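**Q** Can you read through this structure? Questions will come right after.
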Amino acid sequence: MYQSSRGTRLIKLAISVLSISNLFFIGSLKAEDILYIGAIPDQNPEHLNRLYGVLSSELSEQLNVQVRYKPVTNYAAAVTAFRTGDLDLVWFGALTGVQARLQTKGSKVIAQRDIDEKFHSVFIANKKSSIQKINNINDLTTLKGKRFTFGSESSTSGRLMPQYFLSNASLQLQDFKGSRPGFSGSHDATLMLVQSGSYEAGALSEKVWKRNLERGRVDPSKVFVIWKTPSYHNYHWLAQGNLDKKFKEGFTKDLTNVFLSFNEKSKKQKQILELFSAKKFIISKNENYNQIEKVGREIGKIK
Amino acid sequence: MKLIKPVSTSLTLIPSIAYIPILIEIIKGFHIGGLNIIFQFISSAIKPSFNQEVVKSAWEGLQITIATALISWVISMLIGIVLGVLSTDLFWKSIPKFSCLGKFIKYSLAIPRSIHEVVWGLLFIQISGLNVWVAIISIVIPYSALTARVISEQLDSFDIQPLIAIKQTGSNIISSFITILLPKLIPIVFTYGSYRFECAIRGVTLLGIFGLGGIGTELYLTLKSFEFNEMWTCLWMLWLVMILLEKFIRSFRSYLSENISLKNSFSISISIFTLSLSLGISWLYNLNFELFTPLSFSYLNLPSFLEIRNGFNTLPLFKLIIATILITFFASGIAIGTPPLLLVLFPGKFSLKVQNLIWIFFRLIPPPLTTILILLFTNPNISVAALSLGITHMGVMGRLLTDNILNQEKSIYRAIKSNGSSKQSATLYGILAPQSNSYLAYGAYRIDVILKETAIIGAVGGVGLGWQLQESLSSFDWAQVMIITAAFSLLTITGEFLFNTSQNYWLNNSTNNFIS
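Chains as they are written, first to last, in our numbering: chain L, 1 to 303; chain B, 304 to 819.
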């Protein structure tokens, strides 16, 4: 009897000591100004961690501030995080960038990659479907009554622009088989699901299509491109309007210049450019996305 | 004339009829175009990626998930216990003047419970942005309401005579209440609490899939880019942790029940909660989470009456609700019907052990992932959503059945078998029959959970209210978001009421007691 109660007393003592020592871990947070950067991920975590690891350290070195990368997986969450000021600088897709900018007063597009100026989507089809290559946008009507999938519902190249071109060819969403399109969730998923034949056709970013071609993940006997869309502006860096106030006068300009100065001579910068699959970053501005905003409103993704 | 009353044993098998329409649809759309990807998925299981970056980020994700689950679990248990006690009839019997307050708490708890944690998460992230507390609060709200329900139901099922007796001796209300209630409350907290912890881990993982961080986020990103080797690294690590955790909890529980007296158990449970909470908090803190930055609430433009009316007009609400109900119906059939069916088809202790391993695996794979895999070899339709949702919950139902059977008396089975019956029919009458009432009662509760979870499956399959919610959220259309959330809530509350009635029926006819 005595033994067991001593045992439990020891347990209690150990537990309370542990609890108290645990609480000591919790110190106070250093209130230092940190530049929070984020991105809407369209790649695997390994790639993202490498990419933003290098980018953070390079930005921190050049700008002399602490830089921290916050991963976000959900398009809407990234927009909100920007609106609430949890993120200072975000790598947005065109649509989400416009959504975030309209909800965040003073925010500003600062830069984009060379390839983002002339971005394309491709419509792809399964060989077993009776769909043929088309030359004219109006021939998109060939997709009527087919099983068709977009990527993620907030994606510019996987949904917004493809839907826009479809509606230009006067094809509505309920014209697809099952009277609705699918939403595969990502560009890669769209490719895999069309290649497998689950969907007869789909639309995705040309860049992702090319990347998969290079990696040998496209089976040309099963899937092919039927049409490439005209070009539009896509991804860009969107910065909060208060960065000059938060850090120092002229900070936003310095930040932009750092991006513009990235080149292949420096080993680190070369790696960043490679991971972004770009040759260089170029300057960009809010007005470049007027078309996207208009399309977004037409389709109902921007209220 | 006497109405024919179905025997509960056969009722456990009837739900599996759902397979017929589902398989017809799946087979009709079947193709082998995605075979090589399925093969890649399977073969990646034996060669997960050991890339240092991958393992590192998976491990970090896992830690975030467990720590977040720990914190949300403790908070939801504590709130749940308090609310649970407050919503018992028993409690208000001692203060009869305010008993309507108890009823009020009891019924208003149906609302937070009726909305899935992922939906709470998606809503809160809109208001508060990226903060680790968003995930915690999203778990705590529905979980504490659920815990409160279970606790109040269990407490109310006890005999209240002793309480009346003690009260009549003139002792203090609160102290007499504690004397009577505490010994009954603690065992419930022990068994139900450990079950809730597993749920919390599953919940946080799901939240991660929808962008709130942790291992779920890692899983989703690897799936999005079809990096199966990396995905399996996450899946195996999660599986391992789950098994270890289950083993640890089990042995800890049996140690406690053998060595700890009732008096100590109160302080022990308080210490467990304190320890877990501080462990979770300091863990997250060490992972560089800013736990002490206060939640920011950003201003949202609330929709006007006109916008809401517009939303009603633009949303195909009826169609969405029908799709949601259909998915629930078929998914429940699969989840409830499969485990008993497998049991009867493949009887025997060895097969039971194998089935148990399969169930663990099925519980582990989050439904959005299953959807994509199934979509690879069949054409998109509502069955895909139903099947993937059914598979996860089949894992939960299967575990319950096999666990109960492994602990059950084998005498009836032996008696029937020694009469010369086949193994199959002996299993049916000797093993399944004694379990069927409690199994069905639990099944009724599961339908409820499945209905709630259509919120997340629709998002991937492109059907039902769940998909529409994602679409409206990503268009920042608050009027539509409000309507859909309300529709979901109403649907679940109705479902809960219906299934609660049938659950009570099966429980009253049950031969063995269990805690859901």
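Where is the CB? At the ideal position from N, CA and C, for every residue including glycine.
Note that this is a predicted model, so its numbers are computed, not measured.
So does ILE382(B) have its beta carbon nearer than 7 Å to some heavy atom of the ligand SAM?
**A** Ligands displayed in this structure: none; no statement on the ligand SAM is therefore possible.
**Q** So with Cβ pairs under 8 Å, would you call VAL72(L) a contact of chain A?
**A** Of the protein chains in this structure, namely L and B, none is chain A.
**Q** Just verifying my parser: in three-state terms, what is the DSSP assignment at ASN682(B)?
**A** If DSSP states are grouped into helix, strand and coil, ASN682(B) belongs with coil.
**Q** Could you tell me whether any Cβ in chain L is nearer than 8 Å to the Cβ of GLY331(B)?
**A** As written in the sequence, residue 331(B) is Lys, which differs from the Gly given in the question. So no, LYS331(B) is outside the interface.
**Q** Select from LYS268(L), ILE124(L), LEU275(L) the residue whose C-alpha is nearest the C-alpha of LEU193(L).
**A** Answer by Cα proximity: ILE124(L).
**Q** Could you tell me if ILE283(L) is buried or exposed, where buried requires 16 or more neighbouring beta carbons within 10 angstroms of its beta carbon?
**A** It is exposed - the Cβ of ILE283(L) has fewer than 16 other Cβ atoms within 10 Å.
**Q** Within 8 Å of any Cβ in chain B, is that where the Cβ of GLY300(L) sits?
**A** Closer than 8 Å: yes.
**Q** Ordered along the chain, which non-local residues of its own chain (more than five positions away) have a Cβ less than 7 Å from that of LEU365(B)?
**A** Within the same chain, LEU365(B) has close Cβ partners ILE518, MET540, LEU541, VAL544.
**Q** Terminal residues of the continuous beta strand (DSSP E) containing ASN263(L)?
**A** Counting along the chain, ASN263(L) falls outside any beta strand (DSSP E), and DSSP gives it neither H nor E.
**Q** Between TYR164(L) and chain B, is any beta-carbon pair separated by less than 8 Å?
**A** It does not: the Cβ of TYR164(L) has no partner Cβ on chain B nearer than 8 Å.
**Q** For a contact defined as C-beta to C-beta under 7 Å, what are the partners of PHE592(B) on chain L?
**A** Under the 7 Å cutoff, chain L gives no residues; its nearest Cβ is about 10 Å from PHE592(B).
**Q** Using a C-beta to C-beta distance shorter than 9 Å, which residues of chain L count as neighbours of GLY337(B)?
**A** Under the 9 Å cutoff, chain L gives MET192, LEU193, GLN195, SER196, GLY197, SER198.
**Q** Tell me, please, whether the CB atom of LEU776(B) is closer than 8 Å to any CB atom in chain L?
**A** By this cut-off, LEU776(B) is an interface position.
**Q** Residues in the same chain with beta-carbon distance under 8 Å from ASN587(B), minus the five sequence neighbours each way, listed in chain order, please.
**A** Looking at the sequence itself, residue 587(B) is Leu, so the reference to Asn does not match. Counting only Cβ-Cβ distances below 8 Å, and skipping sequence neighbours, we find ILE367, ALA370, THR371, ILE374, VAL435, LEU594.
**Q** Under three-state DSSP, which class holds PHE461(B)?
**A** In the structure shown, PHE461(B) sits in coil (DSSP, three-state: anything other than H, G, I, E or B).
**Q** Residues of the segment 406 to 417 of chain B in Cβ contact with chain L at a cutoff of 8 Å, in chain order, please.
**A** Of all residues in the segment 406 to 417 of chain B, none has a Cβ within less than 8 Å of some Cβ in chain L.
**Q** Specify, as a first and last residue, the run of the beta strand (DSSP E) that GLY38(L) falls within.
**A** Element bounds for GLY38(L): 34 to 39.
**Q** What do you get for ASN234(L), buried or exposed, if any count of 16 or more other CB atoms within 10 angstroms of its CB means buried?
**A** ASN234(L) should be labelled buried.
**Q** Identify, in the order they occur along the chain, each residue of the same chain with its Cβ nearer than 6 Å to the Cβ of ASP175(L), setting aside the five sequence neighbours on each side.
**A** Taken in chain order, the residues that qualify are LYS144.
**Q** Any idea which residues DSSP pairs THR149(L) with across the strands?
**A** BP columns for THR149(L) point to GLY182(L), GLY202(L).
**Q** Could you name the residues of the same chain whose beta carbon sits closer than 8 Å to that of ILE37(L), not counting the 5 residues immediately before and after it, in chain order?
**A** So the list reads TYR52, LEU55, SER56, LEU59, VAL67, ARG68, TYR69, LYS70, LEU87, ASP88, LEU89, VAL90, TRP91, once near-sequence residues are dropped.
**Q** Classify LYS656(B) as buried or exposed, calling it buried when 16 or more other Cβ atoms lie within 10 Å of its own Cβ.
**A** Looking at its Cβ environment, which holds fewer than 16 other Cβ atoms inside 10 Å, LYS656(B) is exposed.
**Q** Which class does PRO737(B) belong to by DSSP, given the choice of helix, strand or coil?
**A** Of the three classes helix, strand and coil, the one that applies to PRO737(B) here is helix, per DSSP.
**Q** Verify the CB distance criterion: does ASN288(L) have a CB-CB separation below 8 Å to chain B?
**A** Taking Cβ atoms only, chain B never reaches closer than 8 Å to ASN288(L), which makes this a no.
**Q** Kindly indicate which three-state DSSP category SER709(B) falls into: helix, strand or coil?
**A** According to the sequence shown, residue 709(B) is Leu rather than Ser. If DSSP states are grouped into helix, strand and coil, LEU709(B) belongs with the helices.
**Q** Am I right that ASN242(L) and GLY106(L) are in contact with their C-beta atoms under 8 Å? What's the rounded C-beta distance?
**A** About 7 Å; that satisfies the 8 Å criterion.
**Q** What separation, rounded to the nearest whole angstrom, lies between the Cα atoms of ASP751(B) and ILE760(B)?
**A** Each residue's Cα considered, the two are about 15 Å apart.
**Q** Where does LYS228(L) sit, in a helix, a strand or coil, going by DSSP?
**A** DSSP places LYS228(L) in strand when its eight states are reduced to three.
**Q** What does DSSP give as the partner residue(s) for SER121(L) in the beta ladder?
**A** Looking at the DSSP assignment, SER121(L) forms a beta bridge with SER205(L).
**Q** Cβ atoms of ILE444(B) and VAL388(B): under 8 Å apart, would you say?
**A** Against a cut-off of 8 Å, the Cβ pair of ILE444(B) and VAL388(B) comes out as no contact.
**Q** First and last residue of the beta strand (DSSP E) that includes ALA236(L)?
**A** Note on identity: in this sequence residue 236(L) is His, with Ala being the wrong assignment. Counting along the chain, the beta strand (DSSP E) containing HIS236(L) begins and ends at 236 to 239.
**Q** Can you pull the chain L residues whose beta carbon is under 9 Å from the beta carbon of GLY432(B), in chain order?
**A** ALA77, THR80, ALA81, PHE82, ARG83, THR84, GLY85, ASP86, LEU87, listed in chain order.
**Q** What do you get for TYR199(L), buried or exposed, if any count of 16 or more other CB atoms within 10 angstroms of its CB means buried?
**A** Flag for TYR199(L) reads buried.
**Q** When burial is assigned at 16 or more other CB atoms within 10 Å of the CB, is LYS228(L) buried or exposed?
**A** Exposed, since its Cβ has fewer than 16 Cβ neighbours within 10 Å.
**Q** At a cut of 8 Å, does the segment 467 to 482 of chain B reach the segment 328 to 344 of chain B through at least three beta carbon pairs?
**A** Verdict: no, contact absent.
**Q** Helix, strand or coil: how does DSSP classify ARG553(B) here?
**A** Of the three classes helix, strand and coil, the one that applies to ARG553(B) here is helix, per DSSP.
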